[in-house]
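For reference, the structure discussed in these notes is given below.
There are 2 protein chains.
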Amino acid sequence: MSRKRWRAVKEIRIADVARLAGVSTATVSRVLSDPDKVRQKTHDLVMEAVQRSGYIPNSTAQKLRTRRTMNVLVIAPRLTNPVFAEILRGVDDELTQSGYGIIIGNLDNRREREARYVDLALSRQVDGVLLLTGYIPENGARSMRDSGLPIVAMCAAIHEDGIPNVVVQDREATRKAVEYLARLGHRRFGYISGTLGSIIEAERFAGFCEGIAAAGFSWDDFVRWEGPFVFSTGVAAAEAFLQMRDRPTGIFAACDESAIGFIKHVRAERIRVPQDVSVIGFDGIEYADYTEPTLTTFRQPLHELGRVGADVLLKLIHNQMKPEDWSIRLPVTLLERETTGPVLHKDYKSLRRSTV
Amino acid sequence: MSRKRWRAVKEIRIADVARLAGVSTATVSRVLSDPDKVRQKTHDLVMEAVQRSGYIPNSTAQKLRTRRTMNVLVIAPRLTNPVFAEILRGVDDELTQSGYGIIIGNLDNRREREARYVDLALSRQVDGVLLLTGYIPENGARSMRDSGLPIVAMCAAIHEDGIPNVVVQDREATRKAVEYLARLGHRRFGYISGTLGSIIEAERFAGFCEGIAAAGFSWDDFVRWEGPFVFSTGVAAAEAFLQMRDRPTGIFAACDESAIGFIKHVRAERIRVPQDVSVIGFDGIEYADYTEPTLTTFRQPLHELGRVGADVLLKLIHNQMKPEDWSIRLPVTLLERETTGPVLHKDYKSLRRSTV
DNA sequence: ACACAAGATGTAATCGATTACAAAAATCGA
DNA sequence: TCGATTTTTGTAATCGATTACATCTTGTGT
């Protein structure tokens, strides 16, 4: 009994308001959703009853009847990575404006958690899905698409009919990263990967390889360190780097966090950045402004990406477009800062361990 | 017509499955929610129909009937701050296990956005609310509590009947921070605030003042720089700091991001940390491991905080406790790292501008 | 003042599940 | 085999709104 005390609050239903105002439930509903449909006098009458009773419509009942949940599911690989937090801000800005809510699906870098959110989507708890993740093959995306649910891919492009892509030109950017390093005189490269199996990593690595080829290098001219999009991947890469005889001098990291982890770790071992090794990141997160030295990186238009993605999803939900009409690729911009520079040891093909 | 193509997927209802299996909807429902209540044979029959039709229950209808939404609202001040992302991870881990979903309410540091989420909660879109924010006075929290909605405060403690607090001992920690700096020989202090008007900032500043008093100093022995919990607050503080004649040597920042912003900016002006100025942060975010020098800070048990808060909320939702039974205060631990050290200029009460 | 159109309101069906209660079927003991 | 008991299944009410359609009011033009 006493444990019920805090929950014992009477729920006011639309029928209560109707009775209080002496009208039908239909009229109350109309006052609340389409005031022009009722006479001013009735409107005031009803509104007073609403005020007096403190009525707030039960949104679940509304959802059932109108068949719109006014919620969108956002599936993200990891929330602690500011990249996704920032995209989410953009999404939020756009959706909030239209009265939509956000249900968050956080994979925490564990792919198997995806299934749960696919189920959630398929049980019609949401009107649409924004996919900030993507794995190869993309079964989750397909099954949601097949169920008729509007869905937008905002990781790297998912090449499936009925799934518009709102992505950045990461492939092109990564290619440019290699060219940029090559132009600075680098001849031996390092690639710090992102989450294996993710489409986004595949895209970036493909771009990297294109860059290697375009600059006239071969597969033997780079090493690849693997790991998810986190700080520690960069640290692990740094450890491997420090063990090498012929160390690369031009490093590209598929995300800023890895780049930061790498730099922190090699500097602790008295490797100078950029004099001994140049590092280029990807993302343009705010942290990268506060590292020492400040990180050269590609800035993704994260907030805009979020807004545009949400906007496309809303258009899809409102049937204002066909999915195939939309595939947007936003540009990324290179921020040349302090972690990249020309190769100093011109005679060496690479920075040898003994020179440190 | 063609624009409808992607949405033209027949929805399968429980009645369809019932017809397919030759039973009533009640039986289908029972098979799905309480299989022991039906005969094995019927069970198999129904399950086959479910499989064949690809039936997934409409969760909105379930919610309406059962009066449980299986969703929880989490109101957070800002998602790009990893503190909240990390707490959210803990919350997510706990809630996902119990089948609950998370609706995110991101204030983006703008207090006026709170109203929207209070409405969302009051319209019964969620079964409970986790409040990672809190302002003075706490009207939002009160009105949700009054409506009978389970709610847990996870910012600093909200002192209201019916609202359990799951918080960290930030007041005590902040007091210790001052004592720690005093023990290192610092005599003049700086306090970089968090978001003004937030309960959490009030708590930390109160702790700071307690520390000042406890260590035998007066109001004249510290300066306070104000701003929200972001990097740029630290930068602004650094700018003010650089303009001062009698600079403090012991700085406490109410969050790690501000501390990092401060350090970055003063180091760019050739102030050495910790030789010229000691800085102590609060939060223990991952990025604080990667700054140079590494940040001395208080580590909040963020993930645990999230788990415990979610756990308390679930107990509340399931009526397994009364709110007043629970107020939990988790300890924070001081991580002594590289941004704090003894005062070098013993003769000076503070670091004068000319000595730089 | 009357006929008719336009506007306001009410009645009742509907969204898609769960579940109390009733009815039917299966099980059991004598 | 029969009646009593237990188990399984079905019928229909219910959750709380929206909205198509019917009905009743009001307003307009003649």
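Quick mapping for you: the protein sequence lines, in order, are chains H and R.
Reminder that position 296 of the first sequence reads as 341 in my numbering, one-by-one numbering, no gaps.
Reminder that position 178 of the second sequence reads as 223 in my numbering, one-by-one numbering, no gaps.
Glycine included, each C-beta is placed from N, C-alpha and C at the ideal position.
Please read these numbers as outputs of a predicted model, since none were measured by experiment.
Asked, Found
"Cα-Cα separation, P127/H to K367/R", "37 Å"
"Residues that DSSP places opposite T342/H in a beta bridge", "G326/H and L380/H"
"DSSP-derived helix/strand/coil call for L176/H", "strand"
"DSSP-derived helix/strand/coil call for S69/H", "coil"
"S415/H: first and last residue of the uninterrupted beta strand (DSSP E) it sits in", "Any answer about residue 415/H is impossible in this case: the structure gives chain H only from 46 up to 401."
"Beta-carbon proximity check, N151/H vs L176/R, cutoff 9 Å", "no"
"Start and end residues, alpha helix (DSSP H) containing Y162/R", "E159 to L167"
"Cross-chain neighbours of R161/H in chain R, by beta carbon under 8 Å", "T141"
"I148/R in three-state terms, based on DSSP", "strand"
"Same chain only: Cβ atoms within 7 Å of I330/R, ignoring 5 sequence neighbours per side", "P127, V128 and D301"
"DSSP three-state assignment for D153/H, whether helix, strand or coil", "coil"
"Chain R contacts made by the segment 102-114 of chain H, where a contact means CB separation under 7 Å", "P102, N103, S104, T105, A106, K108, L109 and T114"
"Three-state secondary structure (DSSP) of Y332/R", "helix"
"Neighbouring residues, chain H, relative to A130/R (Cβ below 7 Å)", "L124, T125 and A130"
"Under 7 Å by beta carbon: chain R residues contacting Y100/H", "The contacting residues do not exist; Y100/H stays about 10 Å from chain R at best."
"Rounded straight-line distance, which links the Cα of A227/R to that of D137/H", "44 Å"
"Endpoints, beta strand (DSSP E) assigned at Y19/H", "Outside the displayed range of chain H (46 to 401) lies residue 19/H, so it cannot be described from this structure."
"Length of the line joining the Cα atoms of Y100/R and K55/R", "11 Å"
"Residue-level contact to chain R via CB, T336/H, 9 Å cutoff", "yes"
"Any C-beta of chain R under 9 Å from that of D164/H", "yes"
"Where the beta strand (DSSP E) through F267/R begins and ends", "F267 to W270"
"Burial state of D328/R (16 or more Cβ within 10 Å)", "buried"
"Buried/exposed call for D172/R, threshold 16 Cβ in 10 Å", "buried"
"Simplified DSSP state of N364/R, which is helix, strand or coil", "coil"
"Range of the contiguous alpha helix (DSSP H) that encloses F297/H", "Careful: F297/H lies outside any alpha helix (DSSP H), inside the beta strand (DSSP E) at G295 to A298."
"Residue from D334/H, G144/H and R156/H whose Cα sits closest to the Cα of R123/H", "R156/H"
"Contacts around N116/R, its chain only, beta-carbon distance under 8 Å, and the 5 residues preceding and following it disregarded", "Y145, G146, I147, I148, Q170, V171 and D172"
"Rounded distance between the beta-carbons of R216/R and E246/R, thought under 8 Å", "Not a contact, Cβ separation roughly 11 Å."
"CB of W371/R within 9 Å of CB of V211/R, strictly", "yes"
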